[in-house]
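Student: Residues 1217 to 1479 (the working numbering) are what the sequence shown spells out, left to right.
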Amino acid sequence: MATLELYSKGAGVWVPDPDAVWISAQLLQDYRPGEKHLLLQLSSGNEVRYPVDFPSDLPPLGNPDILEGENDLTALSFLHEPAVLHNLRVRFLDYSSIYTYCGIVLVAINPYDQLPIYGEEVIDAYSGQDMTDMEPHIFSVAEEAYRTMIRSGKNQSIIISGESGSGKTVSAKFTMRYFAVVGGAAQQTSVEERVLASNPIMESIGNAKTTRNDNSSRFGKYIEIGFGTKGDIIGANMRTYLLEKSRVVFQVNTHLLQCRKCP
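Printed below as a string of structure tokens:
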């Protein structure tokens, strides 16, 4: 009953919308168990009667305005689909931030644009800092893994996942760049380039065209980076796993041409 009591006059809720997916609304009167409708005022100003056959049909509650744009989704009073989507939208559009924490998970939105947030001055700012002390960033996750590895002397893993075209390869590149800089690699910018240079070979047998990406990877990439006792990078290698054969339907025929000088 404590949850039902939150559905009082003035409370904010989220209701489904065919175009916007979710839109915000406000209760115009208290909800009483047994009632079949909620009287709502949509963000557009229109009043609607929202059907409620059972208490489980009640729309998701909105978060207080003070929590709008939180940099950690776990800090929200109500954590559900509309709350997550709205918070990410606010951070992206109003705060120009593509990163948001969800506990130890970093949620990234692909801006499909080059952003000036990956330079060495940004790396220096995140180096040695706790995740809770800095704004969400891929460098913060990399720093946490690097410091834990140095402190515990144990291997660490960073999982980068997402749909086609979401920016996984670019995120992996920035992560390796961070390790190269803080690890004092002799050629700082070449580490990630050398690892990623093997991509064309794997793409020839494991890529396919999708609705969002003409050259989408249909395989997982497992990258190992070796560190010395002082935390410096001493090597790296790439392995592949989980090839999605069901979506690699055919391989384009290729011809190898060789040009030789005439004697």
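Built from N, CA and C at the ideal position, the CB exists for glycine as well.
Just so we're clear, the structure is a prediction, and the values are computed from it rather than from any experiment.
#1: Ordered along the chain, which non-local residues of its own chain (more than five positions away) have a Cβ less than 7 Å from that of D1349?
#2: According to the neighbour-count rule (16 or more other Cβ atoms, all chains shown, within 10 Å of its Cβ), is I1339 buried or exposed?
#3: Is L1322 buried or exposed, if buried means 16 or more other CB atoms sit within 10 Å of its CB?
#4: For L1304, is the classification buried or exposed, using 16 other Cβ atoms within 10 angstroms of its Cβ as the cut-off for buried?
#5: May I ask which residues mark the beginning and end of the beta strand (DSSP E) holding P1267?
#6: Just to confirm before moving on: does the CB-CB distance between P1276 and V1229 stay below 9 Å?
#7: Look at the Cβ atom of G1399, then the Cβ atom of I1354, and state whether they are nearer than 9 Å.
#8: Using CA coordinates, which residue listed in L1274, E1251, S1240 is at the minimum distance from L1222?
#9: Once you ignore the five residues that flank V1300 on each side, which residues in its own chain have a CB closer than 7 Å to its CB?
#10: To test your reading of the DSSP string, which unbroken beta strand (DSSP E) runs of 3 or more residues are found completely within the region 1283-1359?
#11: Can you tell me whether DSSP reads Y1247 as helix, strand or coil?
#12: Mapping DSSP to helix, strand and coil, what is K1227?
#13: Name the DSSP beta bridge partners of V1237, please?
#14: Kindly indicate which residue of S1259, Q1245, P1249 has the alpha-carbon position closest to the one of V1231.
Tutor: To lay it out plainly:
#1: On the sequence shown, residue 1349 is found 133 positions in, with the first residue counted as 1. Around D1349, the same chain offers no residue with a beta carbon nearer than 7 Å, after the five sequence neighbours per side are excluded.
#2: For the purposes of this step, residue 1339 is identified with residue 123 of the sequence shown, where counting begins at 1. By the neighbour-count rule (16 or more Cβ atoms within 10 Å), I1339 is buried.
#3: The residue you call residue 1322 lines up with position 106 of the sequence shown. Flag for L1322 reads buried.
#4: For the purposes of this step, residue 1304 is identified with residue 88 of the sequence shown, where counting begins at 1. Buried, since its Cβ has 16 or more Cβ neighbours within 10 Å.
#5: Taking the sequence shown and counting its residues from 1, the one referred to as residue 1267 is at position 51. P1267 -> beta strand (DSSP E) spans 1263-1267.
#6: Within the sequence shown, the letter at position 60 stands for residue 1276. Within the sequence shown, the letter at position 13 stands for residue 1229. Taking 9 Å as the Cβ cut-off, P1276 and V1229 qualify as a contacting pair.
#7: Stepping through the sequence shown from its first residue, residue 1399 is reached at position 183. Stepping through the sequence shown from its first residue, residue 1354 is reached at position 138. Result no, Cβ atoms of G1399 and I1354 do not sit closer than 9 Å.
#8: Here residue 1222 refers to the residue found at position 6 of the sequence shown. Minimum Cα-Cα distance from L1222 among the listed residues L1274, E1251, S1240 corresponds to L1274.
#9: Numbered from its first residue, the sequence shown carries residue 1300 at position 84. The beta carbon of V1300 sits closer than 7 Å to the beta carbons of L1289 from its chain, once the five residues preceding and following it are set aside; these are given in chain order.
#10: Correct list: 1315-1318, 1321-1324.
#11: Here residue 1247 corresponds to residue number 31 of the sequence shown, with the count starting at 1. In the three-state reduction of the DSSP assignment, Y1247 falls in the coil class.
#12: The sequence position of residue 1227 within the sequence shown is 11, counting from 1. Per the sequence shown, residue 1227 should be read as Ala rather than Lys. DSSP places A1227 outside both helix and strand once states are collapsed to three, so it counts as coil.
#13: Numbered from 1 along the sequence shown, position 21 holds the residue referred to as residue 1237. Residue pairing from DSSP places V1237 in a beta bridge opposite D1233.
#14: Working through the sequence shown from its first residue, we reach residue 1231 at position 15. In terms of CA proximity to V1231, S1259 leads the group S1259, Q1245, P1249.
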